[in-house]
Structures are given as C-alpha cells and as structure tokens.
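Numbering-wise (the working numbering), the sequence shown opens with residue 33 and increments by one. From the three backbone atoms N, C-alpha and C, an ideal C-beta is built for every residue, glycine too.
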Amino acid sequence: MQSAIEKLRKYREENYRSHDEVIELWKTVLSKHNLSSLGDEKWLVLEQVFKCALHCSQQSIAFECLEQLKKEFKSTSHRVSVLNAMYDESIGDYEKAEQVYSTLLKDNETDATIHKRKICLLKEQNKIRDAINELNTYLELYQVDQEAWGELCELYLLEHDYAKAAFCAEELILINPHNHLNHERYASICYSYDKYEFARAYYFSTIKFNPNNMRALIRERNSHELYWDDLNKGKFLSLLTASSLVVRTCFHPLGLIKVRLQTGTNGSISTAHMIKQIWYREGPVRGFYRGFPLSLSSLIFEPVFTGILEQMRTVLKNNRPNQISSAQWDIITGTLSGCIAALIYQSLTVPLDVTAQRIMITKSRDGVHVSNIIRDIYYRSGDGFCGFYKGYMVSLSMSIPFNSIIWTMYWQVQAKLERIIPYQHNQLVAPLSAIIASLLTSLLTQPIDVLKTRLQVAAKRQSLWRTFQLLIDERGFRGCFSGSLPRACTIVPYYLTMMSLYEVIKRASVRSISN
Numbered sequence: 033m034q035s036a037i038e039k040l041r042k043y044r045e046e047n048y049r050s051h052d053e054v055i056e057l058w059k060t061v062l063s064k065h066n067l068s069s070l071g072d073e074k075w076l077v078l079e080q081v082f083k084c085a086l087h088c089s090q091q092s093i094a095f096e097c098l099e100q101l102k103k104e105f106k107s108t109s110h111r112v113s114v115l116n117a118m119y120d121e122s123i124g125d126y127e128k129a130e131q132v133y134s135t136l137l138k139d140n141e142t143d144a145t146i147h148k149r150k151i152c153l154l155k156e157q158n159k160i161r162d163a164i165n166e167l168n169t170y171l172e173l174y175q176v177d178q179e180a181w182g183e184l185c186e187l188y189l190l191e192h193d194y195a196k197a198a199f200c201a202e203e204l205i206l207i208n209p210h211n212h213l214n215h216e217r218y219a220s221i222c223y224s225y226d227k228y229e230f231a232r233a234y235y236f237s238t239i240k241f242n243p244n245n246m247r248a249l250i251r252e253r254n255s256h257e258l259y260w261d262d263l264n265k266g267k268f269l270s271l272l273t274a275s276s277l278v279v280r281t282c283f284h285p286l287g288l289i290k291v292r293l294q295t296g297t298n299g300s301i302s303t304a305h306m307i308k309q310i311w312y313r314e315g316p317v318r319g320f321y322r323g324f325p326l327s328l329s330s331l332i333f334e335p336v337f338t339g340i341l342e343q344m345r346t347v348l349k350n351n352r353p354n355q356i357s358s359a360q361w362d363i364i365t366g367t368l369s370g371c372i373a374a375l376i377y378q379s380l381t382v383p384l385d386v387t388a389q390r391i392m393i394t395k396s397r398d399g400v401h402v403s404n405i406i407r408d409i410y411y412r413s414g415d416g417f418c419g420f421y422k423g424y425m426v427s428l429s430m431s432i433p434f435n436s437i438i439w440t441m442y443w444q445v446q447a448k449l450e451r452i453i454p455y456q457h458n459q460l461v462a463p464l465s466a467i468i469a470s471l472l473t474s475l476l477t478q479p480i481d482v483l484k485t486r487l488q489v490a491a492k493r494q495s496l497w498r499t500f501q502l503l504i505d506e507r508g509f510r511g512c513f514s515g516s517l518p519r520a521c522t523i524v525p526y527y528l529t530m531m532s533l534y535e536v537i538k539r540a541s542v543r544s545i546s547n
C-alpha cells in the first residue's frame, strides 16, 4: 500500500496525469485498505481518485469517494460543492451543476476554476452564446489568460463571427508575439473573411518564426495571392514555356479540326466525320499536325504574355485607390492585366496565326508549303504586309475579352472555392477553377472566334459586316456557334492542363523567404 500512496503523491506533486493507473491502484490496492492511517492525506487521495474516476467514466468509484468526502466535510464546503457539481455533470444533471456554479460565483466571482467549469458545462450543452458571454466575463478579470483567449476565438469561429475571432487572435499575438501558431491562426481567420493582405502578411510572419510550418507554406502559395515580385522570374517563365510546348503538342489536332469546321461551307458535317476524313485521306500525323511547326514558333512569345500579365497585376495591386475596395480592385486588376497582355501578345503573334490557319485548311497531299502561303498572302491577296494582319482587329476583339474574362474568372473562382472546399482537398481548387472559367469563357466568345477565323482565311479582304452576312446566309445564326464542341474540347482541357501546370509552376517558382 505504501508504494501506491507514494506513486499518487508523486503524481500530485508533479501534476502528472495517469488516470487509468490511478484507478487501477484504487481497485487493486487502496480500496482494500483503511486509509485512515494516512491522516489528512486521505482526503487528498480521495479527491485525486474521484477526478480520475470521472475522467475514466467510473461513476461508481467517483460516487464512493465523493460520499466519504461529503461525510467528512459536509456539503457546505466550497471544495466539496465543486466536486459534487462535477459529479452532477458526469451523470448529465446539467441544470443542478449550473446552479451550484452560479451560487459559488456569487460568493466569489474571482474564482477562475469555477468560471472554467461553468464554461465547459455550457459548451457541453451546446450553449455557445452563453459560453461566449461567460468567457468575456472571465477575461474581464483575467486579461492575459492565453487559454481563455484561444477558447473564445474558437467559439466565435463556431458562430462565424470572424471579426471578433480575429480580435481574440490579435490578443494572443500581443500576449505571446513569438508563437508561430498565434500568427498562423490570425492569418487563417483573416483569409476566411477576405482580409487577404493581412492573411498574406501573417503567413509570412508564421514562416519567419517557424520555416517548417507546412500549413502556412501551402496556404501562402495560392496563385491569386502570388505576384511578380514573389517569383524567380527565369525559373517561372522557362518552366511555363516548356509546359506550353507539351500542351500545344497534345491539343494541336483539336485546333485544326475547329478551324476546318469553322471555315467549311457545308454546315452539316459533324466533328466525328471531320476526324474520319482527315485520318483516312491525310494520315494521323501529317493530317492532324498540319501547320504544327509554324504554330510552335509562337512559343517564343509565351514569356511575353505571362510576364506582362504578372507584372501588370503587381503594378495595379500596389496602386489601389483608397475609394475602391480590395475585392473590387482584384476584379479590375485581373481584367486590365488580361487586356494589356493580350493586346501585346496578339500584335506579335497574329501574322503567325494567320499563316498557320491558312496551312491548316489545306490538305497535306496538296503539296502547299509555308513559303507558298506567305507569297499568296503578300502578293496574290493584294494586301502586302497588311495581309498578315488580316482580321487583326477582330482577333483583338476576341482575344482581349477572352483573356480578360478567363483570368479574372479563374482567380476569382479560385478564391471562392478555397473558402468552400476543405483544406485537405485544396488540390482540387485549381482544376475546378480552370474548368469553370474556361467553359464559360469559351461559350461567351464563340461567335467572335468564328468571325475572326473566317476573316483570316478569306482569299480577299472583306469587312467584318460582310463576313457576318455571308456566315448568316450560308449557315444561319447557328453558324455563329459552329465548332463550339471542338473549341470547347480544345479550350477546356487545354486550360485545365495549362492552369493546373501554371499553379504548380508558380508555387515552385516562389523565391525563398531569405530572398
């Protein structure tokens, strides 16, 4: 018995919790002996066993110990009253326990233990608002209790009161400014109610205090939150160009099918029939990859588009007018960045686009080469150098809205999905954002794309209105959406792949914190 008593004494002195072992000692040793020989230590042992019994759901042992304590100290004892209320909690008599705690607090409102017991009781009954009020009362007395501020923060989050939860997180930072978990908690709360700049700053400070905090490292690197200054430019642009090469190789056949469907005069031909026709008459490689080498030459301008897009985002983000909210400015930033990047990129690539599309509509067996197409555009059309910019304005009228819509929508949808999709499934955010943005953008800009393509492949220069009239005469209004399926089959998988790669590459290209 003596060794058992010494163990319990050691647990009390060191505040060591070993509930199962204490109950085992009670069952095998202590309950079989008379504890009176311990003197006053007997009551400490009974109290210790009582609390361990409640923790282990051993109500019978708890009741036995409580009865002995009540017999010795009467139920009017403050300490015994607390134990009695704890026992009532354990058996589900919450109302009686709450009455006891309220009475004890009237006698001594500074009793921290009773406040905490009452807060636990209210939480157990799912009375969140009452628990919040009780915690606020407690914190008026004990303003530097970190555990209480943390608990109040969690309760406000349960109520979706992010502003007050953020205030509690700020108090935690003030109490312990070097704890990276406090910074991470505040950043996550700010992120939940659109305080992106604060979230970004505090994720950075989290990493500063603990470079191994993986949640902060992952959360910081969302593409809509990363800007040009955050990136290793050479690595970012080179990886993006390499990924574009792979993606274009995969999707060039669909682009060729789309062009031939849009420029054909027979509106009844289906996508499947066009595929069969190219496969059997021209061959799978020479047919589907007609004009591919020329199309690849535009890859040299890929870093121009991406670089301008990201640089404009950074410049606009750093110059937000005070009268415009952050959310509104994000939409304006995405739209303007896409417009300017598309304008410069199209000015450089339209000649290549015109030549490539003219090659695509010819059959591989016709023996038409790039040099023949260039001479035909320059001399025979009578347009000279301007022939290479045929349909330039309509290209801009399609490319500028397309890029403005798709990039703005992608970043906005991504920000929304990140607050809906659970954190552990964060890898789904980029693909879903890309699918939604590309599908809607493809449908909205389809009529413009049809007119642009017909203008560019026409043998002689003609106005946009004349091109539209010929299209309506030949195909009707349904002709404005001809090639929608192959275009959507091109755009959606293309941007799904491209934007998923863009997300991975952008995160991988973030400069180190030391930089």
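Any contact of the stretch 366-385 with the stretch 430-446, i.e. 3+ C-beta pairs under 8 angstroms?
yes
Helix, strand or coil for V176? Go by DSSP, reduced to three states.
V176 falls in the coil class under three-state DSSP.
My output table needs one value for L550: the three-state DSSP class, helix, strand or coil.
Residue 550 is absent from the structure shown; the chain starts at 33 and stops at 547.
Drop a sphere of 10 angstroms on the beta-carbon of L76, count the other beta-carbons inside from all chains shown, and report buried for 16 or more, exposed for fewer.
exposed
If you drop the 5 nearest sequence neighbours on each side, which residues of the same chain put their C-beta closer than 7 angstroms to that of V542?
Counting only Cβ-Cβ distances below 7 angstroms, and skipping sequence neighbours, we find R253, L258, D262 and L263.
A5 to K240, Cα distance in whole Å?
There is no way to answer for residue 5, as the model of the chain reaches only from 33 to 547.
Pick from K59, I123 and K265 that is closest to A539, judged by C-alpha positions:
Before going further, note that residue 539 is Arg rather than Ala in the sequence given. The shortest Cα separation from R539 among K59, I123 and K265 belongs to K265.
Just to confirm my understanding: we take D481, look at its own chain, exclude 5 residues before and 5 after, and list those with CB closer than 7 angstroms. What are they?
M430 and R519
Thinking C-beta only, is V61 closer than 7 angstroms to C84?
no
Mapping the DSSP letters down to three states, classify V54 as helix, strand or coil.
helix
According to DSSP, is V81 part of a helix, a strand, or is it coil?
helix
Taking Q549 as part of the alpha helix (DSSP H), name the residues at either end of that continuous run.
Limits of the chain in this structure are 33 at one end and 547 at the other, which puts residue 549 out of reach.
Whole-Å CB distance - S555 paired with I537, under 8 angstroms assumed:
Since the first and last residues shown for the chain are 33 and 547, residue 555 lies out of range.
Using the Cβ count rule (16 or more neighbours within 10 Å means buried), how would you classify S516?
buried
Quick one: grab the DSSP three-state call for V278.
helix
Distance, D143 Cα to I438 Cα:
Approximately 60 angstroms, taken between the alpha carbons.
Report back the beta-carbon spacing between K150 and E166 to the nearest angstrom; my notes put them in contact at under 8 angstroms.
6 angstroms
Please report the straight-line C-alpha distance between P479 and L288, rounded to a whole angstrom.
Answer to the nearest angstrom: the Cα atoms are 18 angstroms apart.
What is the rounded straight-line gap between the Cα of A197 and the Cα of M306?
60 angstroms
Give the straight-line distance between the Cα atoms of L528 and N458, rounded to the nearest whole angstrom.
For L528 and N458, the distance between alpha carbons rounds to 16 angstroms.
Local Cβ density within 10 Å of E38, reported as buried at 16 or more and exposed below that
exposed
What residue range is occupied by the uninterrupted alpha helix (DSSP H) comprising R44?
Q34 to E45
L101 - containing alpha helix (DSSP H), residue span:
Q91 to F105
In angstroms, rounded to a whole number, what distance separates the CA positions of A195 and E216?
A195 and E216: Cα-Cα distance of roughly 16 angstroms.
DSSP has V542 in a bridge; who is on the other side?
L263
Complete runs of the alpha helix (DSSP H) confined to the stretch 113-146 [at least 4 residues]:
If we require 4 residues or more, the alpha helix (DSSP H) runs fully inside the stretch 113-146 come out as 126-139.
For the pair the stretch 197-209 and the stretch 221-234, tell me if three or more CB-CB distances fall below 8 angstroms.
yes
Using 7 angstroms as the threshold, is the C-beta distance between L503 and G511 below it?
yes
Which word fits W311, buried or exposed, when buried means at least 16 other C-beta atoms lie within 10 angstroms of its C-beta?
exposed
Close beta carbons around Y174, own chain, < 7 angstroms, minus the five adjacent residues each side
A144 and A180
Taking all protein chains shown into account, decide if T108 is buried (16 or more other Cβ within 10 angstroms of its Cβ) or exposed.
T108 counts as exposed, since fewer than 16 other C-beta atoms from the protein chains shown sit within 10 angstroms of its C-beta.
Cutting at 7 angstroms between CB atoms, please list the residues of its own chain near S237, excluding the five before and the five after it.
Excluding its 5 nearest sequence neighbours in each direction, S237 has C-beta neighbours in its own chain below 7 angstroms: H215, listed in chain order.
Over the uninterrupted alpha helix (DSSP H) stretch that includes G339, give me the two end residues.
E334 to K349
Rounded to the nearest angstrom, what separates T346 and W361 at their Cα positions?
12 angstroms
I'd like to know whether the C-beta atoms of V112 and K102 end up nearer to each other than 7 angstroms.
yes
Could you check what DSSP says for V61 in three-state terms: helix, strand or coil?
coil
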